[in-house]
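Engineer: Numbering (UniProt numbering), first residue to last: 1 to 323.
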Ligand SMILES: Nc1ncnc2c1ncn2[C@@H]1O[C@H](COP(=O)(O)OP(=O)(O)OP(=O)(O)O)[C@@H](O)[C@H]1O
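This is the structure in C-alpha cells:
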C-alpha cells in the first residue's frame, strides 16, 4: 500500500500566558506515523493527549512548530500559495466532533452542501443539485432533506451531512475528530459503518480520532496510542487490542467500559494523571503512572522497539522484550 501521508518528527508547542508568566505547552512531541492508501488509522488517547492538535495540524488549521509532513510523497511547506492551499484542503477534509455546531444553523442543507462545489469549482452550476442529491444518497439521506435547516435533523443525520460535505470534494484523506462521540450509542455504529463503506467505495483513507478503544478496534486497520503528545504504541488494531504491549495501552484497555466490545478487562495498578504539558517529566512521559517504572524510565526517554505488526516505545522491551 502506498502512503497517503507521512508525518516525521512532528512537534507543536503553544505559548500560553503573558510575559514573565508565559509557559510553553508541549502538545505534540516528536511523533512520526504514516497513513496508507485506503487505510483507517485510529489515534487513541485520553483527553489532552494531543489528538485534536494532530488533526488540526494536518488540516492546516494549526501551524506545526517543526517536523515534516508529506502528502503523496510531496513535502507540505509551512506556507502555501492560495491555490495550493485550496488544492490541499480539497484532498484533506475534516469531519468535526460536534454535528450540532459544525453546520451553520441559518443555512439550508442544500446551501451547506453546495458550498464545496462552488468553492472548488467542481461542476457547472446546473449540475450542483444533481450531485448533491447523489452525495445525500451516498450517506443514506434523500432529497427531502435539501430544504431543511440543521436543527430539523437528528445528531446522526447532521453527522451524515458533515460526511457528505467532506466527501463532495472527493478527498484522499478524511480527518475525523471524534465523529461519533456526541452521538447516541445506537447511532455510532451506523456512522462508523457508513465511514467504512465510503472508504471502500471512494478509496479514501481516514485518521480516526477517538477516546474509545473499542470503537477504534471496530473501525481501524491500525491504532496509534497517544500519551502526552507522544505515540507510545502503534500497529495492527487486533494485535494492539487483543495483546497490548505498552503498560499505558494495557491501562486504556483495562479502563474500556464496554463488555460487549469483546475486550477482556485486565486491570493494572497505576496512579496519577496525564502529566502537565508545560513541565513534562524526564525520561519516559508515562513513568510517573507506570507500575513497572525503573530508574532508567525516570532518566532516559525510550525509543521504539519494532515487532512484526507493531512498534512500542518502552524500556521494558530493551532486551528483546518480556512483556
Ligand atoms: N490553541 C491552544 N492553545 C494552547 N494550548 C492548546 C491549544 N490547543 C490545544 N492545547 C493544549 O494542547 C494539549 C493537547 O490538546 P488536544 O486538544 O490536542 O488534546 P486531545 O487529545 O484532542 O483532547 P480531547 O480528547 O479532550 O479533545 C492540551 O494540553 C491542550 O490544552
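Don't be surprised by glycine CBs; every beta carbon is placed ideally from N, CA and C.
Counting beta carbon pairs with one atom in the segment 24 to 36 and one in the segment 5 to 16, are three or more of them shorter than 8 Å?
Structural biologist: Result yes; three or more Cβ-Cβ pairs closer than 8 Å.
Engineer: Should residue 40 be labelled buried (16 or more other beta-carbon atoms within 10 Å of its own) or exposed?
Structural biologist: So residue 40 ends up on the buried side.
Engineer: Is residue 7 a contact residue of ligand 1, with contact defined as CB to any heavy atom under 8 Å?
Structural biologist: Incorrect: residue 7 has no Cβ contact closer than 8 Å to ligand 1.
Engineer: Output yes or no for whether 9 Å exceeds the beta carbon distance between residue 182 and residue 219.
Structural biologist: For residue 182 and residue 219, no; Cβs fall outside 9 Å.
Engineer: Mind checking whether residue 249 and residue 215 have CB atoms under 9 Å apart?
Structural biologist: In this structure, residue 215 does not lie closer than 9 Å to residue 249 by Cβ.
Engineer: Please classify residue 50 as buried or exposed, where buried requires at least 16 neighbouring CB atoms within 10 angstroms.
Structural biologist: The residue in question, residue 50, is buried, as its Cβ has 16 or more Cβ neighbours within 10 Å.
Engineer: For residue 246, is the classification buried or exposed, using 16 other Cβ atoms within 10 angstroms of its Cβ as the cut-off for buried?
Structural biologist: Counting Cβ neighbours within 10 Å, residue 246 comes out buried, since at least 16 surround it.
Engineer: Could you tell me the alpha carbon to alpha carbon distance between residue 126 and residue 165, rounded to whole angstroms?
Structural biologist: Straight-line Cα distance between these residues: approximately 18 Å.
Engineer: How do the segment 138 to 145 and the segment 63 to 83 stand: do at least 3 beta-carbon pairs fall below 8 Å, yes or no?
Structural biologist: The answer is no - the segment 63 to 83 does not touch the segment 138 to 145, with fewer than three Cβ pairs under 8 Å.
Engineer: Of all the options 157, 105, 317, 107, which has the alpha carbon lying nearest to the alpha carbon of residue 244?
Structural biologist: Residue 317 is the option with its Cα nearest to residue 244.
Engineer: Which of the three DSSP states, helix, strand or coil, is assigned to residue 121?
Structural biologist: Coil at residue 121, not helix or strand.
Engineer: For residue 126, which of helix, strand or coil comes out of DSSP?
Structural biologist: Looking at residue 126 - three-state DSSP - the assignment turns out to be helix.
Engineer: I need the boundaries of the alpha helix (DSSP H) containing residue 8, first residue and last residue.
Structural biologist: Residue 8 -> not in any alpha helix (DSSP H); beta strand (DSSP E) instead, spanning 3 to 16.
Engineer: Reducing DSSP to helix, strand and coil, say where residue 25 ends up.
Structural biologist: Note: residue 25 maps to strand in three-state DSSP.
Engineer: Just checking my contact of residue 205 with residue 35 at CB under 8 Å: how many whole Å lie between their CB atoms?
Structural biologist: With 8 Å as the limit, residue 205 and residue 35 qualify as a contact, their Cβ atoms being about 5 Å apart.
Engineer: By Cβ distance, which residues of its chain are closer than 6 Å to residue 252, with the 5 residues on each side in sequence left out?
Structural biologist: Cβ within range, chain order: 213.
Engineer: Following the continuous alpha helix (DSSP H) through residue 190, name the residue where it begins and the one where it ends.
Structural biologist: Here the alpha helix (DSSP H) through residue 190 covers 185 to 202.
Engineer: According to the neighbour-count rule (16 or more other Cβ atoms, all chains shown, within 10 Å of its Cβ), is residue 17 buried or exposed?
Structural biologist: With fewer than 16 other Cβ atoms within 10 Å, it is exposed.
Engineer: With a 10 Å radius around its C-beta and 16 neighbouring C-beta atoms as the bar for buried, classify residue 310 as buried or exposed.
Structural biologist: Buried: at least 16 other Cβ atoms inside 10 Å.
Engineer: Taking 9 Å as the CB-CB limit, is residue 176 close to chain D?
Structural biologist: Absence of chain D from the displayed structure is noted, only one protein chain being present.
Engineer: Pull up the distance between the alpha-carbon of residue 74 and that of residue 291, whole angstroms please.
Structural biologist: When rounded, the distance between both Cα atoms is 42 Å.
Engineer: Is any non-hydrogen atom of ligand 1 found closer than 8 Å to the C-beta of residue 18, if you look at the structure I gave you?
Structural biologist: No, the Cβ of residue 18 stays beyond 8 Å of every heavy atom of ligand 1.
Engineer: So for residue 93, helix, strand or coil by DSSP?
Structural biologist: Residue 93: strand per DSSP, three-state reduction.
Engineer: Does the pairing of the segment 55 to 62 with the segment 90 to 99 give three or more beta-carbon distances under 8 Å?
Structural biologist: The answer is yes - the segment 90 to 99 touches the segment 55 to 62, with three or more Cβ pairs under 8 Å.
Engineer: Based on the DSSP secondary-structure assignment, which residues constitute the bridge partners of residue 236?
Structural biologist: According to DSSP, residue 236 bridges with 222.
Engineer: My output table needs one value for residue 309: the three-state DSSP class, helix, strand or coil.
Structural biologist: If DSSP states are grouped into helix, strand and coil, residue 309 belongs with coil.
Engineer: For residue 41, list the residues DSSP reports as bridge partners.
Structural biologist: BP columns for residue 41 point to 207, 222.
Engineer: If you reduce the DSSP assignment to three classes, tell me which class residue 242 lands in.
Structural biologist: Three-state result, residue 242: helix.
Engineer: Going by the DSSP bridge assignment, what does residue 98 pair with across the sheet?
Structural biologist: BP columns for residue 98 are empty, so no partner.
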